[in-house]
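So the sequence shown is numbered by my numbering: it starts at 568 and just counts up by one.
Ideal Cβ placement from N, Cα and C applies to all residues, glycine included.
Everything on this sheet refers to the single structure shown next.
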Amino acid sequence: MLQKPLDFTPGERYAYSNFGYCLLGRVLERLDGVSYYESVRRRVLSPLGLRQLSLGRTLKEFARSDEVCYYGIDGATGPCVFTPNVGQQVSWPYGGWHLEAMDAHGGWIGSAPDLVRLAMSLDPHSCCPLLTANGLKTMWARPGGVTRQESDSRPQDVHYGLGWFVRTLPNSGKINVWHTGSLDGTSTLFVRRHDGFCWAVLFNSRSGFNPETMKNDMTPSKAIDGAIHQAVDAVREWPSGHS
Numbered sequence: 568m569l570q571k572p573l574d575f576t577p578g579e580r581y582a583y584s585n586f587g588y589c590l591l592g593r594v595l596e597r598l599d600g601v602s603y604y605e606s607v608r609r610r611v612l613s614p615l616g617l618r619q620l621s622l623g624r625t626l627k628e629f630a631r632s633d634e635v636c637y638y639g640i641d642g643a644t645g646p647c648v649f650t651p652n653v654g655q656q657v658s659w660p661y662g663g664w665h666l667e668a669m670d671a672h673g674g675w676i677g678s679a680p681d682l683v684r685l686a687m688s689l690d691p692h693s694c695c696p697l698l699t700a701n702g703l704k705t706m707w708a709r710p711g712g713v714t715r716q717e718s719d720s721r722p723q724d725v726h727y728g729l730g731w732f733v734r735t736l737p738n739s740g741k742i743n744v745w746h747t748g749s750l751d752g753t754s755t756l757f758v759r760r761h762d763g764f765c766w767a768v769l770f771n772s773r774s775g776f777n778p779e780t781m782k783n784d785m786t787p788s789k790a791i792d793g794a795i796h797q798a799v800d801a802v803r804e805w806p807s808g809h810s
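Now the structure itself:
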C-alpha cells in the first residue's frame with residue numbers, strides 16, 4: 568500500500584475507509600496490549616458506565632438475548648461465508664459477511680440510550696471523562712491542507728473530522744456532529760447538536776441502498792434525519808425530569 572500514489576491532495580476531499588478503521592483497531596491493540604474490545608471497554612465504556620454496547624456476532628445462534636432480528640432488503644440472500652455452510656444461500660445479515668472481522672469498523676451493537684449517553688459525554692463546556700476540551704476540538708477540526716469549497720469560494724459547510732461528520736453553522740461557528748451506519752439489516756443515525764441535544768436512531772433493516780451505485784440514496788436513517796431536527800426545534804419547553 569505504501570507504494571500506491573495518493574488519489575488526491577490531502578484535505579481536498581475525503582474518502583471514507585473502513586480499512587482505515589480496521590487498522591486503527593489494531594493500533595489500539597498494540598498500544599494497550601489487549602484486545603480491541605477490551606481497549607474500548609477500558610477507555611470508553613467503563614468510564615461512562617455503558618453496559619449495552621458490545622461487539623456483535625454474525626450468526627443468529629450467537630445473538631444476544633436482547634438483540635433484535637435483522638431483515639435484509641426484500642429478503643435477499645447471498646452465499647454464506649461460514650463453515651460448514653460456505654456457499655449456501657443465507658439471509659445477508661446472517662452469514663453474508665463476517666461481522667466479527669469488522670470489529671473496529673462497524674461491528675458494534677448497542678442500545679440507543681447508551682449511544683446518547685456517549686454523545687452527551689462529548690461536551691466541550693463541561694468535564695468530559697474521555698477527552699479534554701482541546702481533544703474534542705482536535706477531533707472535530709477541519710483537516711489541514713487544501714479545503715473543499717462551496718460555489719461562492721468559502722469553505723464547505725460539511726467536513727469529516729476524526730471519526731465524525733461535522734457541519735459548521737453559518738455566521739456562528741457552532742457545529743453539529745453526527746455519524747451514520749449501514750449494513751444489510753441495519754441503518755443508524757447518531758447526532759450531537761451544537762445546542763446539546765443528542766439522539767440515536769437504530770433501524771433493523773435497510774432500504775434505499777442502490778446496488779448499482781453502491782450508495783445509500785435514501786436509507787431510513789437519512790429519511791428521518793431532517794424530521795428529528797424539526798421535531799426538536801418545535802419544542803418550546805422540555806420536561807425537567809425523565810418523564
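Figure out for me which residue from the options has the closest Cα to the Cα of residue i.
i, options, result
"Gly-787", "Gly-808, Val-744 and Gly-752", "Correcting the residue type first, residue 787 is Pro in the shown sequence and not Gly. Taking only the C-alpha atoms, the option nearest Pro-787 is Gly-752."
"Trp-805", "Phe-764, Leu-769 and Lys-789", "Phe-764"
"Ser-749", "Leu-615, Thr-699, Ser-602 and Ile-640", "Ile-640"
"Ile-795", "Ser-606, Arg-597, Ala-671 and Phe-757", "Phe-757"
"His-692", "Glu-605, Pro-577 and Asp-762", "Asp-762"
"Leu-689", "Gln-655, Val-601, Val-744 and Leu-666", "Val-744"
"Gln-619", "Arg-631, Arg-610 and Arg-609", "Arg-631"
"Ser-739", "Asp-724, Tyr-583, Gly-654 and Cys-647", "Asp-724"
"Thr-735", "Arg-759, Thr-747 and Thr-755", "Arg-759"
"Phe-649", "Tyr-638, His-665 and Arg-803", "His-665"
"Arg-822", "Gly-793, Thr-747 and Ala-798", "Residue 822 lies beyond the stretch modelled for the chain, which goes from 568 to 810, so this question has no answer here."
"Arg-580", "Phe-732, Gln-797 and Gly-793", "Phe-732"
"Thr-755", "Asp-792, Lys-741 and Pro-737", "Asp-792"
What does DSSP give as the partner residues of residue i in its beta bridges?
i, result
"Phe-770", "Ser-754"
"Leu-622", "Trp-675"
"Ile-742", "Thr-735"
"Val-725", "Arg-734"
"Ser-749", "Ser-754"
"Arg-580", "Pro-577"
"Arg-759", "Val-744 and Cys-765"
"Tyr-638", "Ser-772"
Kindly give me the distance between the Cβ atoms of residue i and residue j, rounded to whole angstroms, as I take these residues to be in contact under 8 Å.
i, j, result
"Gly-642", "Val-657", "That pair is no contact at about 11 Å."
"Leu-595", "Ser-606", "4 Å"
"Val-601", "Leu-697", "In fact, because the Cβ distance is near 18 Å, the residues do not count as touching under 8 Å."
"Leu-703", "Cys-695", "6 Å"
"Tyr-604", "Leu-622", "5 Å"
Going residue by residue through the stretch 644 to 688, where are the continuous beta strand (DSSP E) segments of at least 3 residues, counting only ones entirely within it?
644 to 646 and 656 to 658
With a threshold of 8 Å, are at least 3 pairs of Cβ atoms found where one atom belongs to the stretch 617 to 634 and the other to the stretch 657 to 674?
yes
Can you confirm whether the stretch 754 to 769 touches the stretch 667 to 684 when touching is taken to mean that 3 or more C-beta pairs between the two stretches lie within less than 8 Å?
yes
Pairs of beta-carbons, one from the stretch 684 to 702 and one from the stretch 612 to 623, closer than 8 Å: are there three or more?
yes
With a threshold of 8 Å, are at least 3 pairs of Cβ atoms found where one atom belongs to the stretch 585 to 602 and the other to the stretch 664 to 671?
yes
Using a Cβ distance threshold of 8 Å, determine whether the stretch 692 to 709 contacts the stretch 720 to 730, with at least three qualifying pairs required.
yes
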